[in-house]
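So that you can map any letter, position 41 of the sequence shown is 41 in the working numbering, and since no number is skipped, the others follow by simple counting. Positions of the beta carbon are idealized from the N, C-alpha and C atoms, including for glycine. In this text, all values refer to a predicted model and were calculated from it rather than measured experimentally.
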Amino acid sequence: MPGRFRRLLLVEALLTIEPSLRIVVNTADTSAHLARDLLQQGVVAYVTKSRSEPLIQGIAAGIAGDVYVDPAIDLEGAARHPWSRLTPSQKAVVIDVCRDLSNEEIAYAHGVTTNTVSAHKRQAMAKLGVTKDSLLSRYLVENGLTYLLDE
1 MPGRFRRLLL
11 VEALLTIEPS
21 LRIVVNTADT
31 SAHLARDLLQ
41 QGVVAYVTKS
51 RSEPLIQGIA
61 AGIAGDVYVD
71 PAIDLEGAAR
81 HPWSRLTPSQ
91 KAVVIDVCRD
101 LSNEEIAYAH
111 GVTTNTVSAH
121 KRQAMAKLGV
131 TKDSLLSRYL
141 VENGLTYLLD
151 E
């Protein structure tokens, strides 16, 4: 799946139009976070372009109605990752900060106060071990989370 095409939204739209669709994702993106999010959306297989065998297994699993994840993807690691401990509100604030929105813009977009935005940001940064706003984007890059900026 090419980047910058709102992958999660694309899968959601496809499954809304045709709920019985069995989607097999074949991608160069090895982000376990992306794989987990797509599987939660309803994708039946997530395979990387590193080898052909996982693609064949993924397609076979999709046809059989099973779920398949490329062995190169560490879903358990993603589940234990600090990002997984953030609340949805904390994640949304971090993503918006990385999109270079001000606290005021974030507050307006989410219908909360700037104090709430500051609290979510502070709590998220503590959970992630990030000490400066300017390091949040780097955190997303280093942890395979940049796809969230596309959504």
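Can you name the start and end residues of the beta strand (DSSP E) that residue i belongs to?
i, result
"residue 24", "24 to 27"
Using alpha carbons as the reference points, say which of the options lies closest to residue i.
i, options, result
"residue 42", "53, 26, 63, 14", "14"
"residue 72", "150, 27, 23, 21", "27"
"residue 98", "89, 63, 146, 53", "146"
"residue 143", "79, 113, 89", "79"
From the DSSP output, read off the bridge partner residues of residue i.
i, result
"residue 45", "24, 68"
Can you name the start and end residues of the alpha helix (DSSP H) that residue i belongs to?
i, result
"residue 96", "88 to 98"
"residue 139", "136 to 142"
"residue 110", "103 to 110"
"residue 116", "114 to 128"
"residue 12", "7 to 17"
"residue 80", "75 to 80"
When you compare only the Cα positions, how much space is there between residue i and residue j?
i, j, result
"residue 69", "residue 57", "9 Å"
"residue 87", "residue 30", "24 Å"
"residue 92", "residue 34", "16 Å"
"residue 75", "residue 107", "32 Å"
"residue 150", "residue 64", "31 Å"
"residue 38", "residue 77", "16 Å"
"residue 100", "residue 60", "42 Å"
How about residue i and residue j: do their beta carbons lie closer than 8 Å?
i, j, result
"residue 103", "residue 118", "yes"
Report yes if the C-beta of residue i is less than 7 Å from at least one heavy atom of the ligand ATP; otherwise report no.
i, result
"residue 63", "With respect to small molecules bound, the structure shown includes none, and the ligand ATP cannot be examined in it."
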